[in-house]
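Note that the protein sequences, when read in sequence, are chains A and B. Counting from 0, one number per residue, gives the positions in the first sequence under numbering that gives the first Met the number 0. Counting from 0, one number per residue, gives the positions in the second sequence under numbering that gives the first Met the number 0. Working notes for the structure below.
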Amino acid sequence: MTADLGTMTAGEGVSAKARNLRRWGPRALQGWTNLDGLFRKACGAFAASIVALLALVVYQLVHASRLSIDHFGVGFAWEKVWDPVAQKLGAATFIYGTVVTSTIALLIAVPLGIGIAIFLVELAPRRLGSVVGFLVELLAAIPSIVYGLWGLFVLAPLVRLWVAPALRKTLGFLPLFSGESNGVGMLTAGLILSIMVLPFIAAVSRDVLAAVPQTQREGSLALGTTKWETIWNVVLPYGRVGITGATILALGRALGETMAVTMVIGNSPQIMASLFEPGYTMSAVIANEYSEASGPLYLSALTELGLLLFVVTFAVNGAASLLIWRLTRGPGAHA
Amino acid sequence: MTRHMFLFQAAAMLALSAVGCDKSQPPTQDNQQSTAAATTAPANVRLNGAGSTFVYPLMSRWSTDYQKIVPTVQVNYQSIGSGGGIRQLTERTVQFGATDGPMSDDQLKEAKSPVVHIPLAMGAVVPTYNLPDLPHAIQFTSDALAGIFLGNIKTWNDPKIASVNVGLKLPATPIVVVHRSDGSGTTYVWVDYLSKVSPEWKAKVGVATSVNWPVGIAGKGNEGVAGTVRQTPGSIGYVELTYALQNKMPAAQIKNQAGKFVEPTVDSVTAAAAGAISAIPDDLRYSITNSPGETAWPASGTVWAVLYQDMPAGPERKALVGFLRWTLHDGQKSCKALDYAQLPAELVERATAKLDLIEPAPK
């Protein structure tokens with residue numbers, strides 16, 4: 000209050016902006032409170048709330064899946080049968096489907112996304128770059144049910160008629176690409192996911208690459224390197240932390256994506272070598288069966304799937320960040 | 000300077016008007032008004048229901064139609080799935096649930112107080128398929144259908160299918176089975192039918208809203224199954240009758256218990272309930288799949304409203320029973336237009352008697 004009164008008298012002749020600054024700026028407030036300390040505490044509380052929230056989620060998941068954990072034990076994670084009628088429930092097929100589809104998605108989307116980012120930042124004319132960049136970001140705004148329906152009605156027939164036969168012809172000796180495709184299956188789900196996570200990788204990588212200081216590029220070019228060598232040896236290694244982050248973000252999305260995946264994966268709890276075969280993911284089975292699940296054990300098992308998804312996400316994220324860190328830093332990056 | 004003055008004026012006016020409000024509307028007067036309203040006019044009753052997605056279009060029609068007749072009763076129905084409806088009823092967060100399958104003994108035990116089942120309308124499940132250039136609908140015996148869904152019959156020209164479809168040229172291509180991925184009443188009716196006609200199905204797979212399917216791929220919802228069937232040559236799936244009719248999907252005929260091939264229509268569904276009426280138990284928890292009726296569609300189902308027998312007397316109970324009584328009589332007329340099957344007259348009578356036990360009919 001005293002600070003307020005003091006500035007009021009100074010009123011005339013001082014611009015409104017300066018007056019406001021003096022009235023509300025840090026120095027005015029420092030008179031009666033320790034703003035720095037307050038700020039630190041507030042930010043600390045925000046950060047702590049994330050930890051608290053995660054802890055709460057884990058606690059709640061463990062609590063709600065207690066029944067299933069006690070009943071099935073650790074074997075739940077590698078039991079392959081999912082039979083709600085006989086109450087014989089296991090998660091192995093869902094874990095497999097989740098990991099496989101996300102892997103396909105990242106194998107396609109990471110190189111593509113980084114390629115798009117390099118094109119936008121390093122190679123494209125500015126006008127074209129902004130148009131393409133806008134379109135890529137637009138991909139992220141499409142609702143997943145639209146992706147799912149598009150996948151079912153457009154992508155699945157394409158996979159059945161063109162993609163699967165072509166893969167079988169060229170790579171058919173691998174068990175991964177053997178047998179007939181009905182259009183829906185793990186490959187189609189992986190393809191849909193790769194399109195869905197592409198904007199995350201491309202947009203974040205673009206911003207990361209754009210933030211690489213111009214001096215780095217100039218220094219490299221001054222040493223007589225080609226454009227390609229500059230990008231590969233200087234720009235990409237400089238941005239590897241950011242690109243890793245983009246990939247982790249994309250992976251999180253791919254692991255948890257539900258609606259689009261369930262439309263095109265075939266929803267069959269089985270582990271088959273061929274990617275043309277239908278599969279099932281953890282999030283998809285929860286979405287599909289939770290609302291009609293009858294009986295406490297069945298509900299509890301679905302909740303335990305949620306808990307396992309949490310664990311798998313943690314594990315895969317950790318492994319992926321380690322892997323990408325190694326790849327972008329190791330000798331490969333300088334070859 | 001001018002802005003300062005304006006701000007001050009605005010603040011002053013706000014302060015004045017705030018004081019004015021306090022004076023003009025003393026809280027005592029307010030209270031008196033509302034109590035007076037409650038005693039003279041009948042209070043509005045809001046009925047909350049939740050459950051079956053299958054009945055949702057019919058329920059919305061009913062709730063708007065009923066509000067025109069009894070403006071004080073508002074029916075608010077959330078289509079969250081039958082399982083969810085039963086759970087909400089058990090937790091007493093809604094006054095009634097709606098379910099495509101009757102509550103199991105375990106669920107009734109969990110509900111603590113006795114629960115009454117009131118059939119509302121009927122529907123059916125229809126096999127739909129993707130075979131190009133068939134001049135008329137394909138026909139199945141129940142044996143053939145069970146064989147297909149068990150994975151024992153693998154191609155379309157299998158003798159079990161071909162022998163009853165003499166006029167049709169069936170390809171030697173593999174059969175792709177498509178089923179629902181989400182737990183649903185549609186699946187319940189379909190597998191209930193299959194387990195009644197096939198001991199092997201009953202032993203191997205069983206009956207529930209989600210089962211461990213021996214073969215096939217799955218789509219989410221009716222639209223997911225229909226879409227997958229449409230995209231996959233040589234496939235066969237099952238969808239709700241309403242969905243098949245409204246989307247003009249090819250629907251197979253099935254040979255019923257009486258030995259007749261029947262076409263899926265709302266009338267053949269009503270016939271299924273009429274044909275099975277003597278076997279319907281007193282608590283109205285029944286299954287009319289594989290009904291013995293002459294023209295009965297074998298994969299027929301019912302949607303029930305479930306409510307507590309011992310609801311406390313009061314405006315809520317009166318409104319709910321009144322609404323359900325109306326759906327059993329005048330409300331049935333809306334069924335056909337929305338492709339639902341009506342309840343047969345005898346079932347309406349038995350259901351009305353159940354309602355009378357909760358709240359006696361007004362004279």
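The C-beta atom is built at its ideal place from N, Cα and C for all residues, glycine as well.
Take the alpha-carbon of A:L222 and the one of A:G114: they are about 24 Å apart. In the displayed model, B:T301 falls within a strand according to three-state DSSP. In the DSSP secondary-structure assignment, B:P173 is bridged to B:T154. A straight line joining the alpha-carbon of B:Q308 with that of B:Q77 spans about 22 Å. With a threshold of 8 Å between beta carbons, A:G178 makes no contact with chain B. Close to B:G236, with beta-carbon spacing below 7 Å, lies no residue of chain A; the smallest spacing is near 12 Å. As DSSP reads the structure, A:W81 sits in a beta bridge with A:L88. Between A:V135 and B:D282, the alpha-carbon positions lie close to 59 Å from each other. The DSSP assignment places complete alpha helix (DSSP H) segments of no fewer than 4 residues inside the region 87-134 of chain B at 104-109, in order along the chain. In the DSSP assignment, B:I253 falls within the unbroken beta strand (DSSP E) covering Q252 to K254. Non-local C-beta neighbours of B:I79 in its own chain, meaning closer than 8 Å and more than five positions away in sequence, comprise A49, G50, T52 and Q87, ordered along the chain.
At a cut-off of 8 Å, the C-beta of B:N211 has a neighbouring C-beta in chain A. Taking a C-beta distance under 8 Å as the contact criterion, B:S62 and B:V74 qualify as a contact pair. A:S267 has a beta carbon lying within less than 8 Å of a beta carbon in chain B. In the DSSP annotation of this structure, the continuous segment of the beta strand (DSSP E) that includes B:Y237 starts and ends at S234 to E239.
Within the DSSP secondary-structure output, B:S267 pairs in no beta bridge.
When rounded, the separation of the alpha-carbon atoms in A:E276 and A:M185 is 6 Å. The region 295-313 of chain A makes no contact with the region 211-225 of chain A; the number of CB pairs closer than 8 Å stays below 3.
The beta-carbon of B:A217 is placed less than 8 Å from the nearest beta-carbon of chain A. For the pair of segments examined, the region 254-273 of chain A was found to touch the region 79-96 of chain A: the number of CB pairs separated by less than 8 Å reaches three. In the DSSP assignment, B:Q230 falls within the unbroken alpha helix (DSSP H) covering G220 to Q230.
In this structure B:Q245 is exposed. Its beta-carbon is surrounded by fewer than 16 other beta-carbon atoms within 10 angstroms. Among the CB atoms of chain A, one or more fall inside 8 Å of the CB of B:Q230. Per DSSP, B:A49 lies in no alpha helix (DSSP H) segment; the continuous beta strand (DSSP E) that holds it begins and ends at V44 to G50. Approximately 7 Å separates the beta-carbon atoms of B:G321 and B:V69; this is inside 8 Å, confirming the contact. A:K168 and A:T261 have their C-alpha atoms roughly 28 Å apart. The C-beta separation of A:G132 from A:R205 comes to about 6 Å, placing the pair in contact by the 8 Å criterion. Neighbours of B:A207 in chain A, taken as residues at a C-beta separation under 7 Å, are given in chain order as P83 and V84. With a threshold of 8 Å between beta carbons, A:E303 makes no contact with chain B. A direct Cα-to-Cα measurement between B:V190 and B:A207 gives close to 7 Å. Along the region 253-287 of chain A, going in chain order, the ones with a CB nearer than 7 Å to a CB of chain B are T261, M262, G265, N266, S267, P277 and N287. Counting C-beta atoms within 10 angstroms of its own C-beta, A:L166 has 16 or more neighbours from the protein chains shown and is therefore classed as buried. If you look at B:S78, you'll find it in the beta strand (DSSP E) that goes V72 to S78. Non-local beta-carbon contacts of B:R284 in its own chain, meaning distances under 6 Å to residues more than five positions away in sequence, involve P101 and H116 in chain order.
Taking 8 Å as the upper bound for CB-CB distance, A:M281 and A:L308 are in contact here, some 4 Å apart. In the DSSP assignment, B:F322 falls within the unbroken alpha helix (DSSP H) covering P314 to L327.
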